[in-house]
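Remember, this note's numbering sits 906 above the position in the sequence shown when you count from 1.
From the three backbone atoms N, C-alpha and C, an ideal C-beta is built for every residue, glycine too.
Only a predicted model underlies this, so the values are computations on that prediction, with no experimental measurement involved.
Working notes for the structure below.
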Amino acid sequence: MANGTAGNSPLTEKSPGYKKFRETLFELTDEFSRMIVSDGEGATRLIIIRLRGARNYPDAKKAAFSVAKSPLVKTAVYGRDANWGRIMAALGYSGALIRENSVDISINGIKLVRGGLGTGRDTDASEALRHNNEITIDINLNIGAGTERVYTCDLTEEYLRINAAYRT
């Protein structure tokens, strides 16, 4: 991050400005991450997967990335369909420890699943998908303390057009 020309002391965890530097660096990298994902080919929505309650961090990572990479979840968001079954399916094949009857899922603050069962608010959540370009999917596995956050985007017809139009 620096070449030493200024002659300043190296920044360490004990340096006076370390905490502020770290917070600012995190904010910048977070914003850049959002921008990169939002600029995906054909993307119309930023999707934030916030997963907690996994057995441990490796399980949290597996589960969150499984949801984030799922074409069915990504197309459901594009189609403004709060299809929590697709999220549950992605969790199920993630390889993480999942107890179906413990899972809670919300989309943009609307609780769709409590204890593995639908809450009947699918229409409310689908309506929220229609009016927001940033979609937050909160998942609580209710098993342990593992957490992960992943950014992804929707999968659109435009993405297919872009990637079907050329040969490599």
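With DSSP collapsed to three states, give me the class of residue i.
i: A969; result: helix
i: I1068; result: helix
i: L1023; result: strand
i: T979; result: Looking at the sequence itself, residue 979 is Val, so the reference to Thr does not match. Helix, per DSSP.
i: K1017; result: strand
i: E937; result: helix
i: I953; result: strand
i: Y963; result: helix
i: R992; result: helix
i: T1042; result: strand
i: V943; result: helix
i: E929; result: helix
Roughly how many angstroms lie between the CA atoms of residue i and residue j, to the nearest whole one?
i: I861; j: K926; result: Nothing about residue 861 can be reported from this structure: the residues present for the chain run from 907 to 1074 only.
i: R1027; j: A912; result: 58 Å
i: R986; j: A949; result: 13 Å
i: A982; j: P964; result: 26 Å
i: R1073; j: L978; result: 25 Å
i: T1058; j: A1051; result: 23 Å
i: L1018; j: A1071; result: 38 Å
i: N909; j: S915; result: 12 Å
i: T1053; j: I1045; result: 10 Å
i: S944; j: F971; result: 17 Å
i: E947; j: Y984; result: 13 Å
Please classify residue i as buried or exposed, where buried requires at least 16 other C-beta atoms within 10 Å of its C-beta.
i: R1036; result: exposed
i: D918; result: The identity of residue 918 in the sequence shown is Thr, whereas the question assumes Asp. Exposed is the call here.
i: T1062; result: buried
i: S1012; result: buried
i: I861; result: This structure cannot settle anything about residue 861, because the visible part of the chain is limited to 907 through 1074.
i: R992; result: buried
Are the beta-carbon atoms of residue i and residue j separated by less than 8 Å?
i: K980; j: D1060; result: yes
i: R940; j: L957; result: no
i: E1040; j: I954; result: yes
Does any residue of chain B bring its CB to less than 8 Å from the CB of residue i?
i: T1074; result: Checking the listed chains, one finds no chain B in this structure; it contains a single protein chain.
(request) Take every Cβ of the stretch 1007-1027, pair it with every Cβ of the stretch 916-936, and state whether three or more of those distances are shorter than 8 Å. (result) no
(message) Could you check whether the stretch 1065-1072 touches the stretch 994-1002, counting it as contact only if at least three pairs of C-beta atoms, one from each stretch, sit closer than 8 Å?
(response) no
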